[in-house]
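In the working numbering, the protein residues as written are 422 to 1034.
All C-beta atoms in this analysis are idealised placements derived from N, C-alpha and C, irrespective of residue type, glycine included.
A short write-up of the structure that comes next.
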């Protein structure tokens, strides 16, 4: 959600700013802009829509300079208009901002009463106007920013340019991520400096990255970086060497990033297994050493969106394999609840980006209140990773498509490993049981490859489903939350209304929706629920619905002449089968969206990394 890039360069930075923003497109945005210091002044260019619109602006009215900032905006305060796009300039101050300033209305009223005139509806302009007022009072750029930050309430990553300090960038972070990149030293002892919302934006420029902590403010020039914490004390933050290969973003031969990432799942699962499983002994690696599952009285799984559905699937696994109660919580609700905690809980926080604002807030909320806080993330240098007591890196690689695919299956892989670990520690899994489960996990890359081979059949089904207004997904056991995730995927990228239900609930209301225009996708693996799930499929056919049966068994469904389709799945372990069937849900949503002509990788109104509440 929103993206920031800043460059303190040795040559013109305009093209590099736009290139950096292009690497942040995966986060979701509806407008973009850049500001460059040139000839003692700051020039701003902004445009609504995709980066191509900004490029047209820059071709028509070029700007050049050695210092600049850029931004992609996802609208929160005010519609996506050029006036509301970032950067925002007030007097000598130009700023870009990720996050939300919660007390902006109060500050805006104060500034307007003081004679300041606003040109946008955004909360961000309050920051530039407030900083400009401090400059007018005689503050230096650094002091003006410090004084402005002291007045802000909310979450922010901020980058400032000052017309009267043309060789300086000032940045600050509270609750929204921000990274600093260090260029190579020049013969004169100076170097280029970069700032970005994440390391992906900085990959073309440098591999030497440091991450600001909450409350940090940094002043960057070409000879040094000064970082101060929220007490004003000068601090250092570790500079890490980030392998460039880990940050390569390329669609390759695929039309969309989502398609590429779906097809990467055999590889991403295999990579995840290397960090979890000793293939020689068919046992788990020693993960989460120090986490005592034997004394825990329950496990709490906390996440948002797709990660939340991964947690629901994992609830079935952990309760079954470890015989420990599991609660699944939506992060945005959890921190506001009156919590009944014993202090013996193990809390697991799941986030692809590691920057999900609600999940991070819930993680901080439980500091010192539970026995252990575990983060399951795809970004080991993220805010959630740094706050957690323990981390499991899903190691899925960069996921650019807004709709999560390979991160979802890799999250399930790690959550499955947690379930095995808990079961073994608590004595509910013997060595043979663990080995059988591990064999099921190690088969996943092969089984997912088998599913990818029937993509043509799934594409044919998608063409028929693409004309529907409503779609239902049904499943039992762990396939019930998979039905919820399948419905979410279809909604996210095709904009078709879809719902997921426990198959046994069909006759308790949703069956009223079934008619000849409503496709019903039924997940029916040959597990202990198989016969009952097939009977629910019969109910769909009897009402004339369009049945799509996804099963590893050949099923004959009697009844009316309703349209029926089937997808034959490879046989997977009963426990881990939802990971395999998830790929069908992803491919179906993807091809429906392609037939409808929607923006698959950047669906409307959505953002990849939700860094505000």
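For residue 765, is the classification buried or exposed, using 16 other Cβ atoms within 10 angstroms of its Cβ as the cut-off for buried? Exposed: under 16 other Cβ atoms inside 10 Å.
Roughly how many angstroms lie between the CA atoms of residue 530 and residue 434, to the nearest whole one? Approximately 36 Å, taken between the alpha carbons.
For residue 960, collect the residues of the same chain with a Cβ closer than 7 Å to its Cβ; drop the 5 residues on either side in sequence, then sort them by chain order. Same-chain partners within the cutoff: 927, 928, 932.
Entirely enclosed beta strand (DSSP E) segments - the stretch 653-740, minimum 3 residues: Listed in chain order, the complete beta strand (DSSP E) runs (minimum 3 residues) inside the stretch 653-740 are 719-724.
Alpha helix (DSSP H) segments (min. 4 residues) lying fully within the stretch 515-555: Entirely contained in the stretch 515-555, the alpha helix (DSSP H) runs reaching 4 residues are, in chain order, 525-534.
Would you mind working out which of 459, 458, 475, 432 sits nearest residue 442, comparing C-alpha positions? The candidate whose alpha carbon is nearest that of residue 442 is 475.
How close, in whole Å, do the beta carbons of residue 453 and residue 465 come, if the pair is a contact with beta carbons under 8 Å? Taking 8 Å as the upper bound for CB-CB distance, residue 453 and residue 465 are not in contact here, some 12 Å apart.
Look at residue 593 and residue 570 and say whether their C-beta atoms are less than 8 Å apart. Taking 8 Å as the cut-off, the Cβ atoms of residue 593 and residue 570 count as close.
Taking the CB atoms as reference points, tell me whether residue 918 and residue 912 lie closer together than 8 Å. Judged by beta-carbon spacing, residue 912 lies within the 8 Å limit of residue 918, meaning their Cβ atoms are closer than that value.
Three or more C-beta pairs below 8 Å linking the stretch 755-772 and the stretch 615-624: Taking 8 Å as the limit for Cβ pairs, the verdict is that the stretch 615-624 does not touch the stretch 755-772.
So for residue 750, helix, strand or coil by DSSP? DSSP places residue 750 in strand when its eight states are reduced to three.
Where do the ends of the alpha helix (DSSP H) carrying residue 493 lie? Taken as a continuous stretch (DSSP letters only), residue 493 belongs to no alpha helix (DSSP H), being part of the beta strand (DSSP E) at 488-494.
Run the CB neighbour count on residue 957, radius 10 Å, all protein chains shown included, and call it buried at 16 or more, exposed below. Residue 957 is buried by the Cβ-count criterion.
How is residue 1004 classed by DSSP in three states: helix, strand or coil? The answer is helix: DSSP assigns residue 1004 an H, G or I state.
Could you give the C-beta distance for residue 484 and residue 511, rounded to a whole number, given that I count them as a contact under 8 Å? Not confirmed; about 19 Å, so no contact.
DSSP on residue 509, reduced to helix/strand/coil? If DSSP states are grouped into helix, strand and coil, residue 509 belongs with the strands.
Just tell me which of 798, 730, 808, 644 has its CA closest to the CA of residue 898. Nearest of 798, 730, 808, 644 to residue 898, Cα basis: 730.
Using the Cβ count rule (16 or more neighbours within 10 Å means buried), how would you classify residue 564? It is exposed - the Cβ of residue 564 has fewer than 16 other Cβ atoms within 10 Å.
Measuring alpha carbon to alpha carbon, tell me which of 1012, 462, 576, 508 ends up nearest residue 876. Among 1012, 462, 576, 508, the Cα nearest to that of residue 876 is on 1012.
Given that a residue counts as buried once 16 or more other Cβ atoms are within 10 Å of its Cβ, and exposed if not, what is residue 561? A residue is called buried once 16 or more other Cβ atoms fall within 10 Å of its Cβ, and residue 561, having fewer, is exposed.
Counting beta carbon pairs with one atom in the stretch 747-758 and one in the stretch 843-855, are three or more of them shorter than 8 Å? As far as the Cβ criterion goes, the stretch 843-855 does not touch the stretch 747-758, which means the pair count is below three.
Using the Cα positions of residue 580 and residue 590, report the straight-line distance between them to the nearest angstrom. Taking C-alpha positions only, residue 580 is separated from residue 590 by approximately 7 Å.
Using 8 Å as the Cβ pair cut-off and three pairs as the minimum, do the stretch 536-555 and the stretch 511-521 touch? Pairwise C-beta distances place the stretch 536-555 in contact with the stretch 511-521, as three or more of them are shorter than 8 Å.
Can you look up residue 996 in the DSSP assignment and give me helix, strand or coil? In the displayed model, residue 996 falls within coil according to three-state DSSP, outside both helix and strand.
Can you check whether the CB of residue 661 is closer than 8 Å to the CB of residue 634? Note that the C-beta distance between residue 634 and residue 661 is not below 8 Å.
Grab the span of the alpha helix (DSSP H) containing residue 815 for me, first residue to last. Bounds of any alpha helix (DSSP H) do not take in residue 815, whose DSSP letter is neither H nor E.
May I have the straight-line CA-CA distance separating residue 894 from residue 944, to the nearest angstrom? Annotation: residue 894 to residue 944 spans about 8 Å, alpha carbon to alpha carbon.
For residue 449, would you say it is in contact with chain C, using Cβ-to-Cβ distances shorter than 8 Å as the test? Among the chains in the structure shown there is no chain C, since it carries only a single protein chain.
Of the residues 890, 874, 436, 787, the one placed nearest residue 683, counting alpha carbons only: The candidate whose alpha carbon is nearest that of residue 683 is 874.
Cβ neighbours of residue 991 in the same chain (closer than 6 Å, five flanking residues each side left out): Answer for residue 991: 868, 871, listed in chain order.
What did DSSP end up calling residue 462 once you bin it into helix, strand or coil? Under the three-state reduction of DSSP output, residue 462 falls in the strand class.
Residues near residue 597 by beta carbon distance below 7 Å, same chain, minus five either side: Closer than 7 Å at the Cβ level, and outside the excluded window around residue 597, lie 519, 520, 576, 577, 578, 1032.
Roughly how many angstroms lie between the CA atoms of residue 906 and residue 921, to the nearest whole one? Cα to Cα, the separation comes out at about 8 Å.
CB contact flag (residue 725, residue 779, <8 Å): Their beta carbons are under 8 Å apart, which means residue 725 touches residue 779 by this criterion.
Output needed for residue 993: all residues of its chain with C-beta closer than 6 Å, excluding positions within five of it in sequence on either side, in chain order. So the list reads 868, 1001, once near-sequence residues are dropped.
Supposed contact pair residue 925 and residue 941 - C-beta distance, whole angstroms, cut 8 Å: 14 Å between Cβ atoms; not a contact.
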